[in-house]
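Residue numbers (my numbering), protein chains in the order written: chain F, -11 to 169; chain L, 415 to 566.
Positions of the beta carbon are idealized from the N, C-alpha and C atoms, including for glycine.
All values reported here derive from a predicted model rather than from experimental measurement.
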Ligand SMILES: [Zn+2]
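Below, the structure is given as structure tokens:
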């Protein structure tokens, strides 16, 4: 994600839609893709992205430049996506009828993706499916966003050791899921 | 450095570039001389690291911004109303109600002391009058209606 100039944030905080739009343009690819990889569905990624930017808009005036805007946005994005994924899981466990429907949607989407893109695309979704939301978040921020352990830790509000452990467990699971563990 | 140490680092810090050059060098040396760890590294790279690293990024659909924009407009319109409602937060409600009750008590005492306090007897009269209406029957509907209007 590219750096967001301080004066742009200040402008957006006063309610200037054009400034907020500029922030959206600079950061929405990150937000959307992290949401997409954590939730596993493009519809959910759209909902999460929308929620994230509404949260940012509502709280921008409280953002005091004490932390970096990027870290703040990382944290909102990851938390929103993880909570979305978890609440969805709760719903699905309670309602088996809905579960079946959601699964069929997911299968359709996966099938369409493998037609659209090379096979590597579909493998990502299948691989990530083996992980819990926290492990997914760590792996995504590391592999897809190229963040360091320190950056991931501050994005998740945790420490480096927890990040390291999650990444290790995630990779162990992934190795096992492809039968090479 | 033994195989277990090397594989731990392959799963984490070595692969993610978190090691100091000296330690990373030791891992590299081990892998160069240990076929099992070399195999492990390759399996990890091919099956786990590369598929995720090579996953492309997707462009978010344009309608997301449109949805956000309309939510922002709604937010802006409802925000001032929310601000004024904050005055009625529970924190403020307690003293406000306390002052109101106190004022009422003071006024009641003042009126009683001044001898204007005929409110009680007036209410009693009204109550007995309305109670009597029930016994008068359906013929006096007109009167009942006007009394209701008067009381309202
Ligand atoms: Zn070895």
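If you keep only unbroken alpha helix (DSSP H) runs of at least 4 residues inside the region 456 to 481 of chain L, you get 464 to 467.
The closest heavy atom of ligand 1 lies 7 angstroms or more from the beta carbon of residue 17 of chain F. The beta carbons of residue 37 of chain F and residue 19 of chain F sit about 5 angstroms from each other, so the pair counts as a contact at 8 angstroms. With respect to chain F, the C-beta atom of residue 423 of chain L has no partner C-beta closer than 8 angstroms. Burial is judged here by how many other beta carbons sit within 10 angstroms of a residue's own beta carbon; residue -10 of chain F has fewer than 16 and is exposed. Taking residue 49 of chain F as the centre and dropping the five residues before and after it, the same chain places the C-beta of 1 closer than 7 angstroms to its C-beta, in chain order. Along the region 459 to 480 of chain L, the positions whose C-beta sits under 9 angstroms from a C-beta of chain F are 460, 461, 462, 463, 464, 465, 466, 467, 468, 469, 470, 471, 472, 473, 474, 475, 477, 478 and 479, read in chain order. DSSP places residue 161 of chain F in the uninterrupted alpha helix (DSSP H) bounded by 148 to 165. Shown here for residue 454 of chain L: same chain residues with a beta carbon closer than 7 angstroms to its own, the five before and five after excluded, namely 421 and 424 in chain order. By the CB criterion at 8 angstroms, residue 59 of chain F and residue 165 of chain F fall outside the cutoff.
Between the alpha carbons of residue 152 of chain F and residue 491 of chain L lies a distance of about 45 angstroms. Using a CB distance cut-off of 8 angstroms, residue 160 of chain F counts as an interface residue toward chain L. Assignment of residue -7 of chain F by DSSP, reduced to helix, strand and coil, places it in the coil class.
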